[in-house]
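In terms of UniProt numbering, the sequence shown has 81 at position 81, counting the first letter as 1, and numbering is strictly consecutive.
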Amino acid sequence: MCGRYALDAPRSQLSRRFALDECVELSARYNIAPTSDVAVIRQSPEGQRVLHRLRWGLLPHWAKDPAIAARLINARGEPLAALAATAAFRDAFRKRRCLLPASGFYEWQKVAARPGSARKQPFYTSLQSGEVMAFGGLWEAWTAPSGEVIRSCCIVTTAANQGLQAIHERMPLILAPEHWQDWLSAPVDQAAALIRPCPDGVLQSWPVSPRVGKASADDPALITALHGDEP
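Here's what the structure looks like:
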């Protein structure tokens with residue numbers, strides 16, 4: 001799964017990187033957590049690429065209880081039949097795909113602490129190039145009884161590539177730049193073909209402070225590699 005990630009890129013950089021026609025102002029965030037508002041790139045009806053903030057945790061348009069969103073932060077991308085058939089994701093996968101820009105993401109590895117016990121060590125993963133990556137995502141619009149419209153999203157996940165398997169068995173769907181437009185607007189079968197692990201050799205990972213597990217922690221030190229005997 002993907003339950004925490006970071007985005008540290010100014011509006012100008014994101015606009016160039018993703019060829020955006022519209023982009024809201026953003027501040028650097030090093031510990032983006034579920035249920036918060038996150039940067040999401042969508043294609044407008046006019047064919048423009050726009051970046052707005054949506055709530056992380058998919059809230060299907062048919063939902064009766066908005067609390068369901070907290071359980072839908074990720075959409076398992078395979079087997080495809082499950083993604084296409086699951087009521088919470090079916091319509092969004094067909095009609096409302098999006099990109100979530102990220103500087104990197106966190107996953108937790110189970111490690112032995114002492115005989116008979118284990119702890120989880122967080123790792124931060126980014127592109128070797130240092131560029132902003134794009135997660136494949138889905139988005140929805142839900143109308144509350146009051147008339148308020150809540151736009152929300154989730155991150156599609158896939159099996160970990162060989163380089164990340166030792167840390168965690170799942171990873172976000174990371175799309176190469178040449179596939180961004182297909183994910184946003186291509187027919188379902190073309191988009192489905194993109195759901196696969198990121199190629200080996202593209203990513204880099206290192207252990208980071210367990211502080212990232214606390215949602216209130218949000219500073220650049222969270223992505224700094226641990227060294228030596230640091231806990």
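Quick reminder that beta carbons are idealized off the backbone N, C-alpha and C, glycines included.
Please read all numbers here as calculations on a predicted model, not as lab measurements.
Euclidean distance between Cα positions of residue i and residue j
i, j, result
"A92", "H227", "42 Å"
"L184", "D218", "30 Å"
"P170", "V202", "What sits at residue 170 in the sequence shown is Arg, not Pro. So the two alpha carbons sit approximately 16 Å from each other."
"S205", "S126", "7 Å"
"Y106", "F89", "24 Å"
"V149", "W142", "6 Å"
"K95", "M133", "22 Å"
"P145", "G104", "37 Å"
"Q121", "A225", "12 Å"
"G147", "L54", "17 Å"
"R119", "S152", "32 Å"
"I155", "V111", "26 Å"
"L99", "P172", "11 Å"
"W108", "R4", "10 Å"
Delimiting residues of the beta strand (DSSP E) encompassing residue i
i, result
"V188", "Counting along the chain, V188 falls outside any beta strand (DSSP E), though it belongs to the alpha helix (DSSP H) covering V188 to A192."
"W139", "M133 to T143"
"V40", "D37 to Q43"
"H52", "R49 to W56"
"residue 316", "The question about residue 316 has no answer here: the residues shown for the chain are numbered 1 through 231."
"A160", "Note, A160: premise wrong, no beta strand (DSSP E); not H, not E."
"R29", "R29 to I32"
"A75", "N74 to R76"
Residue interval of the alpha helix (DSSP H) (run including residue i)
i, result
"L20", "From DSSP, L20 is part of no alpha helix (DSSP H); its letter is neither H nor E."
"D182", "W180 to S185"
"R94", "A87 to K95"
Cβ separation of residue i and residue j, assumed to be a contact under 8 Å, to the nearest whole Å
i, j, result
"Q7", "L51", "The question names Gln, but residue 7 in the sequence shown is Leu. The Cβ separation is near 11 Å, so there is no contact."
"L138", "R97", "6 Å"
"V208", "L222", "6 Å"
"P79", "W56", "About 24 Å separates the two Cβ atoms, so there is no contact after all."
Residue i, buried or exposed, once every other Cβ within 10 Å from all chains shown has been counted against 16
i, result
"Q43", "buried"
"E46", "exposed"
"A102", "buried"
"W62", "exposed"
"C2", "buried"
"G136", "buried"
**Request:** For the region 72-87 and the region 36-47, state whether three or more C-beta atom pairs, one from each stretch, are separated by less than 8 Å.
**Result:** no
**Sufficient close CB pairs (3 or more, under 8 Å) joining the region 160-174 to the region 59-71** = no
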